[in-house]
DNA sequence: CTCCAGGTGCCGA
DNA sequence: TCGGCACATGGA
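In the numbering used here, the protein residues as written are 13 to 294.
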């Protein structure tokens, strides 16, 4: 392991369990095992404000975990109205929650498999796919599986994917893998696009709509203004911002409100609210 | 058994 | 543009 380095305003456990990523495993010694940039990595938070990683993976871990994000600046950008009391509660509930910088393919693929699924089951599917089709890595005698490359998912075929518990999502995952494996789309090239064009490109994948596109641009493309509206967030917004949104406003209107209201770092606001709503049922 | 899950695609009005 | 409905699967 590396020497512990500074990681202020950061909670490893909360971040890895926040529904952004689904494969990190507690190792029983206070650490987490997972795959990062094609290698097995262990992460551990020896005490508040510090983080240690497998030697040589410190920089990759720092980037992946969003430790570069300027939290105080992000918090200052949030709206401070009377109706935003819910946001302040949510912020206090999960200090140290970070938005991850995930590999784009892994993020896109995982969220294609997430539609209408509970977090626990998304995790189950992720592990199944990794173990069946991903590269086997090893750390401290533990097997860790990297997320399968597009070619591996493409070669597996839709039926084999379905057998991993994917249900109707198998088609979307397989089609996305085919497009990437054939070079029809280059996710790295999408990084250069402005937000609205990136969103449009992501929605071009079968099985990717507004919500998943927002998750992928937030967790996989570093677009921190992206504000995914899922069932939890929609309920919360209608309850606490109903006056501004309007009683019978359709979902697209709720999205527009949230995007405009929470601003430049809306993704962080969304993540605090999501975490709070999901764990506390607000 | 029934209900719901970090939704999307497709249909008809 | 919108409202409704089917879609696979598994946990509560």
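Just so it is clear, CB atoms sit at the ideal spot from N, CA and C, and this is done for glycine as well.
Note that the structure is a prediction, hence the values are computed from the model and not measured.
On a Cα-Cα basis, can you pick out the residue from the options that is closest to residue i?
{"i": "residue 186", "options": "48, 127, 168, 123", "result": "168"}
{"i": "residue 76", "options": "95, 216, 114, 61", "result": "114"}
{"i": "residue 16", "options": "32, 263, 183, 66", "result": "66"}
{"i": "residue 129", "options": "181, 201, 140, 148", "result": "181"}
{"i": "residue 250", "options": "28, 267, 234", "result": "267"}
{"i": "residue 111", "options": "87, 231, 93, 139", "result": "231"}
{"i": "residue 23", "options": "87, 260, 78", "result": "78"}
{"i": "residue 243", "options": "162, 197, 131", "result": "131"}
{"i": "residue 227", "options": "32, 162, 25, 164", "result": "32"}
{"i": "residue 208", "options": "257, 199, 238", "result": "238"}
{"i": "residue 80", "options": "18, 273, 262", "result": "18"}
{"i": "residue 219", "options": "119, 61, 124", "result": "124"}
{"i": "residue 120", "options": "27, 200, 292", "result": "200"}
Name the DSSP beta bridge partners of residue i, please?
{"i": "residue 155", "result": "150"}
{"i": "residue 17", "result": "63"}
{"i": "residue 297", "result": "Since the displayed the chain opens at 13 and closes at 294, residue 297 lies outside it and no answer follows."}
{"i": "residue 48", "result": "51"}
{"i": "residue 38", "result": "44"}
Sorted by chain position, which residues of the same chain lie with C-beta nearer than 7 Å to residue i's C-beta, five sequence neighbours on each side aside?
{"i": "residue 72", "result": "48, 49"}
{"i": "residue 160", "result": "141, 142, 145, 146"}
{"i": "residue 225", "result": "211, 214, 215"}
In whole angstroms, what is the alpha-carbon distance linking residue i and residue j?
{"i": "residue 290", "j": "residue 38", "result": "21 Å"}
{"i": "residue 122", "j": "residue 69", "result": "23 Å"}
{"i": "residue 74", "j": "residue 205", "result": "24 Å"}
{"i": "residue 245", "j": "residue 133", "result": "19 Å"}
{"i": "residue 184", "j": "residue 105", "result": "35 Å"}
{"i": "residue 20", "j": "residue 194", "result": "42 Å"}
{"i": "residue 102", "j": "residue 284", "result": "5 Å"}
{"i": "residue 294", "j": "residue 30", "result": "16 Å"}
{"i": "residue 253", "j": "residue 278", "result": "15 Å"}
{"i": "residue 42", "j": "residue 265", "result": "43 Å"}
{"i": "residue 203", "j": "residue 233", "result": "7 Å"}
{"i": "residue 97", "j": "residue 170", "result": "46 Å"}
{"i": "residue 255", "j": "residue 269", "result": "11 Å"}
{"i": "residue 116", "j": "residue 192", "result": "12 Å"}
{"i": "residue 197", "j": "residue 240", "result": "23 Å"}
{"i": "residue 59", "j": "residue 174", "result": "42 Å"}
{"i": "residue 176", "j": "residue 259", "result": "40 Å"}
{"i": "residue 149", "j": "residue 36", "result": "14 Å"}
{"i": "residue 172", "j": "residue 162", "result": "14 Å"}
{"i": "residue 56", "j": "residue 95", "result": "37 Å"}
{"i": "residue 262", "j": "residue 272", "result": "16 Å"}
{"i": "residue 40", "j": "residue 257", "result": "46 Å"}
{"i": "residue 154", "j": "residue 118", "result": "21 Å"}
My understanding is that residue i touches residue j, with C-beta atoms under 8 Å, so please give their C-beta distance in whole angstroms.
{"i": "residue 287", "j": "residue 109", "result": "6 Å"}
{"i": "residue 13", "j": "residue 64", "result": "5 Å"}
{"i": "residue 178", "j": "residue 137", "result": "6 Å"}
{"i": "residue 248", "j": "residue 280", "result": "So it is not a contact: roughly 15 Å between Cβ atoms."}
{"i": "residue 274", "j": "residue 91", "result": "7 Å"}
Below 8 Å CB to CB, which residues in the same chain sit around residue i once its five sequence neighbours on both sides are set aside?
{"i": "residue 151", "result": "45, 52, 53, 54, 66"}
With a CB to CB cut of under 6 Å and the five nearest residues on each side skipped, what residues in its chain are close to residue i?
{"i": "residue 217", "result": "188"}
{"i": "residue 126", "result": "134"}
{"i": "residue 34", "result": "134, 135, 138"}
{"i": "residue 83", "result": "21"}
{"i": "residue 276", "result": "89, 237"}
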